[in-house]
Amino acid sequence: SPSAAPKEEEDKDKEASVSELLGCVVRSPYGWGVVVEDDADSPHLRLALDWRLRDGSRAQASILRRDILERAACAVGQCVGTAFGSGVLL
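Here the sequence shown stands for residues -10 to 79, where the numbers follow the numbering used here.
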């Protein structure tokens, strides 16, 4: 039906925005971290932060999408080319 097409496009846009952030390295008010959870229906993201707690576990934070201050050009696991050759972002 004609009314179904815009809804399908909207769902695809949501999926694309989620997949774009999952695994991305972002800077938040808590510092740099990796997006480990992203629900398209939620205004929040879960980050594994770049620092650790006293017990050695990685600090995590839940932030609003609008609180992302910066985003790295590559996500964790992506292939990258450097002056030293190709590699994978860890």
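Just so it is clear, CB atoms sit at the ideal spot from N, CA and C, and this is done for glycine as well.
Item to check | Spatial distance of residue 38 from residue 19 (CA atoms) | outcome: Translated into positions along the sequence shown, residue 38 becomes position 49. Translated into positions along the sequence shown, residue 19 becomes position 30. The straight-line gap from Cα to Cα measures roughly 8 Å.
Item to check | Nearest residue (CA-CA) to residue 66, options 41, 79 and 27 | outcome: Position 77 of the sequence shown, counted from the first residue, corresponds to residue 66. By alpha-carbon distance to residue 66, the top candidate from 41, 79 and 27 is 79.
Item to check | Contacts around residue 64, its chain only, beta-carbon distance under 6 Å, and the 5 residues preceding and following it disregarded | outcome: Residue mapping note: residue 64 aligns to position 75 of the sequence shown, counting from 1. Cβ within range, chain order: 12 and 13.
Checklist entry - How would you call residue 76, buried or exposed, if buried means at least 16 neighbouring beta carbons within 10 angstroms? => result Here the question's residue 76 lines up with position 87 in the sequence shown. The residue is exposed, with fewer than 16 neighbouring Cβ atoms inside 10 Å.
Item to check | First through last residue of the beta strand (DSSP E) which encompasses residue 49 | outcome: Taking the sequence shown and counting its residues from 1, the one referred to as residue 49 is at position 60. Per DSSP, residue 49 belongs to the beta strand (DSSP E) from 47 to 53.
Next on the checklist: Taking only three categories from DSSP, how would you classify residue 74?
Outcome noted: As a position in the sequence shown, residue 74 is number 85, starting the count at 1. For residue 74, the three-state secondary structure derived from DSSP is strand.
Checklist entry - In the DSSP assignment, what are the bridge partners of residue 13? => result The residue labelled residue 13 in the question sits at position 24 within the sequence shown. DSSP output for residue 13 lists 64 as bridge partner(s).
Next on the checklist: So residue 36 and residue 10 are supposed to be a Cβ contact under 8 Å. How far apart are they, rounded?
Outcome noted: On the sequence shown, position 47 is the one that residue 36 refers to. On the sequence shown, position 21 is the one that residue 10 refers to. Cβ atoms of residue 36 and residue 10 stay farther apart than 8 Å, at about 10 Å.
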